[in-house]
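The structure appears below as structure tokens.
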């Protein structure tokens, strides 16, 4: 190569730069290793209600919401994020309180249950109105509950249990008749099945109620721009309007965690949900921001296909793979997961390891349900050898292709390699995942569940024989019996004991290997107060307010 | 010229029809049952059957296609299976945003690109050329999303010069609308500015070296006049072509930009509707984008004939 | 479009020889070639040069700074060595780019030749090209990913298809130009069949334009893969690609910037290399042609 004249100079510069770059590599190794942050105990901060403190009246709050809600129709909605908007505009018969207990909201007291458990009666508020002026009464409650039960396409039917009839004997009481006792009904009425819709709006809009929902609430629906935002404004007809301070709330859809964090810091939104554990530490240091956190009621885990061949809900058939047929192999898998380290590395110790579907902060937890088998890769290899399986055992796990899920999956892959498993990650998008789980065309599935107040909502539908969400096709008469007993009993202590025994069965058979539990991380500007987030993770903005300036 | 135009019109119509068939078939080829995607994990068989009947999925394909076309021509594009909102309303709300973003980005791209190209051509061999070319190369070597994220972190969060997200309708407040759209448009336009810059420089260099320009200079015509009268006119042809070709890239770039800056545009709508198997929205959106692309191409070709008389006469492009 | 002056009697080989010499005198071209060399060597020799396997997780040392003992470029969020991943990622990105180019060439060149040579086929092929161009490439990519799952193959196919129309246009333009040239007319007068003419006369002369277009497609494909990975449709984890590394790094920008810097630099080097080299190549082969669109 002959180079002459001015052409040489750039070439020489490049050569020097490359040499410097390469020369600096041996210099690498002059900075010592930075160790992992130690595990820190996390204290729940659910937010403080405004109470009697003086605050500014008025103001427009903007929230960065991580996912778009689906149709704003309590009967058909299946998205967790719809509940965020509904807390502001659509009150329920019952609600969650800060301690995780259930308190009346539109109902007037705890429901009365007949001795045989088949009749449930509760009173409802009087003298209040829906946002469109229609009077609220027991008949309106009945209309809504009837719709939840019978509407074609209702997603609430299974949540209401063996409900046979709904009566409104007078304007202040509602009576529910059941075929069998059903303890979780109160919890169901503290969720979407308990949202009461205006009968006038239902009559006018029918199936399109979700386009413009009308209920009882501190705010009312004002408008929605698809993919972008949902606006709600203060409802002057609300029965407790005196304690509502904001004029309007805008829920702005922001799917990227970095976008939410950036907007919080720049002040373009005042509150955002599902903050990533990677961002929380930096945000916590910002003096203009405050972090709210609580343990989730749900769980994250790996579902193993033990019997789903013909589709979910069909009778389970034998799956002829080592994982599918031999509980020892599944136990090996469960022992090969270093839950503690994974949570420390992937989530910066913000989340917690989990080994059962029962959240430890609920009254239904017990030492049995909190017990976690130790991480033991040697035991995993022994079990695999006992089962006569060649190591490394190749298995494939399907994962939703969102970033947090993929990151955890990669860490999981590295962890179980020690125990003799060669895990292949198969990322799929959400729609495909739904398809796969229903058809049973999977070996392993990384799945999470947002969690319900009542533990029955976190167990029966996923683990009961031929249950509607039992994607793994698991069937255990012993477990079915324990869960059925627990759903019929109204004694919390007895239920806790039963769920503890259920956990032991689960940790023996491992149809779902529970891996970790999220913490609900919400960050808001310090210019606001009164924002609360309970264990269900729903951000409650209805009674929030802008802080009054100290300087008058 | 009339004959040429008629020819192009006919071609465009054909492409549009083919595109609609491809969209229709393609959408249905996607795995994943939209009924399941819509009802989610909490539905049961009855709900699924109801949804399928509602969407008309139980009928033969050609019937579905004809229904689709018939409905589309009357403006009835169905409702989103996910949010229940009429599709025309969704597109009506999102398309203007993307169009504003794309136009703003193109304006920035053309202005910055042509300026850079002229500088590079006029100051050939000296440092302004190196600078202009350097910027272009850099812009072409960095992915849009990376640039966007860095811009948000430094320009919006750290310096606070621009808002980090959001959209204001120009009908409500034109000045703020422009302010909110500036950073996204800059990010989106950067790569295209680079392409325009390179093309402009290239064609200007050709023009400045050509015989008729040298003659004009020899006759005493000033530098600036030469640049503007001859150089730019020539570049306009090239830039027009480039603008036409860039539009496809703008849609792809818009998806990413809209996502990072939380802009309620059509790009994001397209992507989401594929992920959720929202057939009505997906069909309509892809068709609208394809149709706009075809129409814009047609307009560019017409513009071309105005600028370059050779086409008018010969009746053929290139 | 400005016309071209090519000496009628120049053999393709001699033109290329002259081009090579012109190229070597162009400083930008040399810089581009050097960058490409560095990048290609890094990618090809990744298995030898990388200190760790790219998917190896080190749970106890995430987010290490560059220059930490044992990790020259630091580590990412799962403790994986950034240097190793950049090397393998470069390899993957180059693979995707190469596959897309091959697809665009394999489909685009024959179609372009056909369109340029036979008038009746021109209408058909141009319609096909318009159709391909009219579809947003991202929708195509998402659709393919949805049908087949994501991955290197699907990303390459989507990117390849997106670039077929421009390749068709380039080859068609070259064919149209060359079909009227003297040596083709001479061949025809000697009763040479169309295949012979296309294969022996037109294709070799069009090769320069094809190569130049290939150097345009490469950086577009590499950047396209980055976008697909950002949207979750690209290379599947834990295999590294520069796009996946950037999109991962973007998630924890507020924590540390370093894991995103090195893949960004690598990506920039690849694109710069192809752009500089491609420009110089174009100038060397045909200094008077205005290039076809991207």
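Residue numbers (this note's numbering), protein chains in the order written: chain A, 1 to 552; chain B, 1001 to 1318; chain C, 2001 to 2294. C-beta atoms are modelled at their ideal positions from N, C-alpha and C, and glycine is treated no differently. Please read these numbers as outputs of a predicted model, since none were measured by experiment.
Closer than 8 Å, CB to CB, is residue i near chain A or not?
i                       : result
residue 2284 of chain C : no
residue 1013 of chain B : no
residue 1276 of chain B : yes
residue 1052 of chain B : no
residue 1109 of chain B : no
residue 2022 of chain C : no
residue 1094 of chain B : yes
Check for me: the alpha helix (DSSP H) holding residue i runs from which residue to which?
i                       : result
residue 334 of chain A  : 327 to 335
residue 1209 of chain B : 1174 to 1209
residue 220 of chain A  : Per DSSP, residue 220 of chain A belongs to no alpha helix (DSSP H); it is in the beta strand (DSSP E), 219 to 225.
residue 2218 of chain C : 2203 to 2230
residue 79 of chain A   : Residue 79 of chain A -> no alpha helix (DSSP H), and no H or E assigned at all.
residue 106 of chain A  : Careful: residue 106 of chain A lies outside any alpha helix (DSSP H) and carries neither H nor E.
residue 380 of chain A  : 377 to 386
Mind checking which residues open and close the beta strand (DSSP E) that includes residue i?
i                      : result
residue 449 of chain A : 444 to 449
residue 397 of chain A : 393 to 400
residue 512 of chain A : 512 to 517
Check whether the Cβ atoms of residue i and residue j lie closer than 8 Å to each other.
i                       : j                       : result
residue 175 of chain A  : residue 126 of chain A  : no
residue 2227 of chain C : residue 1271 of chain B : no
residue 263 of chain A  : residue 1164 of chain B : yes
residue 92 of chain A   : residue 248 of chain A  : no
residue 61 of chain A   : residue 528 of chain A  : yes
residue 503 of chain A  : residue 368 of chain A  : yes
residue 1186 of chain B : residue 1260 of chain B : no
Could you tell me which of the options sits nearest to residue i, measuring between CA atoms?
i                       : options                           : result
residue 299 of chain A  : A:458, A:466 and A:83             : A:458
residue 473 of chain A  : A:77, A:436, A:151 and A:449      : A:436
residue 1119 of chain B : B:1136, B:1106, B:1103 and B:1105 : B:1136
residue 1087 of chain B : A:76, A:123, A:72 and A:226       : A:226
residue 235 of chain A  : A:220, A:224, A:228 and A:243     : A:220
residue 2280 of chain C : C:2018, C:2188 and C:2023         : C:2023
residue 1022 of chain B : C:2025, C:2055 and C:2128         : C:2128
residue 1111 of chain B : B:1015, B:1190 and B:1079         : B:1190
residue 305 of chain A  : A:291, A:295, A:292 and A:321     : A:321
residue 2278 of chain C : C:2160, C:2062, C:2214 and C:2119 : C:2214
residue 440 of chain A  : A:397, A:410, A:408 and A:415     : A:397
Between residue i and chain C, is the shortest Cβ-Cβ distance under 8 Å, so that the two count as touching?
i                       : result
residue 1270 of chain B : yes
residue 1018 of chain B : yes
residue 1200 of chain B : no
residue 491 of chain A  : no
residue 7 of chain A    : Caution is warranted here: a pLDDT of 42 is assigned to residue 7 of chain A, below 50, making its placement in the model unreliable, and no coordinate value can be reported.
residue 75 of chain A   : no
residue 278 of chain A  : yes
State yes or no: is the beta carbon of residue i nearer than 8 Å to at least one beta carbon in chain B?
i                       : result
residue 71 of chain A   : yes
residue 2237 of chain C : no
residue 2272 of chain C : yes
residue 2159 of chain C : no
residue 67 of chain A   : no
- Chain-ordered residues of the segment 404 to 429 of chain A with a beta carbon less than 8 Å from chain B: Using a CB distance below 8 Å, the part of the segment 404 to 429 of chain A facing chain B consists of 429, ordered along the chain.
- Listed from N- to C-terminal order along the chain, which residues in the segment 340 to 355 of chain A have their beta-carbon within a distance smaller than 7 Å of any beta-carbon of chain B? When C-beta distances to chain B are compared with 7 Å, every residue of the segment 340 to 355 of chain A stays at or above that value.
- Name the residues in the segment 235 to 255 of chain A whose C-beta lies less than 8 Å from a C-beta of chain B; which are they? The residues in question are 252, 253, 254 and 255.
- Mind listing which residues of the segment 2239 to 2263 of chain C have their C-beta closer than 8 Å to chain A's C-betas, in chain order? Residues 2247, 2248, 2250, 2251, 2252, 2253, 2254 and 2255.
- Item | Interfacial residues, the segment 1281 to 1292 of chain B to chain A, with Cβ spacing under 7 Å | Contact residues of the segment 1281 to 1292 of chain B toward chain A are absent (C-beta to C-beta distance below 7 Å).
- Item | the segment 1153 to 1164 of chain B: positions lying closer than 8 Å to chain A by Cβ | Of all residues in the segment 1153 to 1164 of chain B, those with a C-beta nearer than 8 Å to a C-beta of chain A are 1153, 1156, 1157, 1160, 1163 and 1164, reading in chain order.
- Task: With 7 Å as the limit, tell me which residues of the segment 2040 to 2059 of chain C have their beta carbon closer than that to any beta carbon of chain A; keep them in chain order.
- Result: Listed in chain order, the positions of the segment 2040 to 2059 of chain C with a beta carbon within less than 7 Å of a beta carbon of chain A are 2057 and 2059.
- Could you name the residues of the segment 258 to 276 of chain A whose beta carbon sits closer than 7 Å to any beta carbon of chain B, in the order they occur along the chain? Under the 7 Å Cβ criterion, the segment 258 to 276 of chain A contributes 258, 259, 262, 263, 265, 266 and 268.
- Task: Would you list, in chain order, the members of the segment 2129 to 2145 of chain C that have their beta-carbon closer than 8 Å to a beta-carbon of chain B?
- Result: Answer in chain order: 2130, 2131, 2133, 2134, 2135, 2136, 2137, 2138, 2139, 2142 and 2143.
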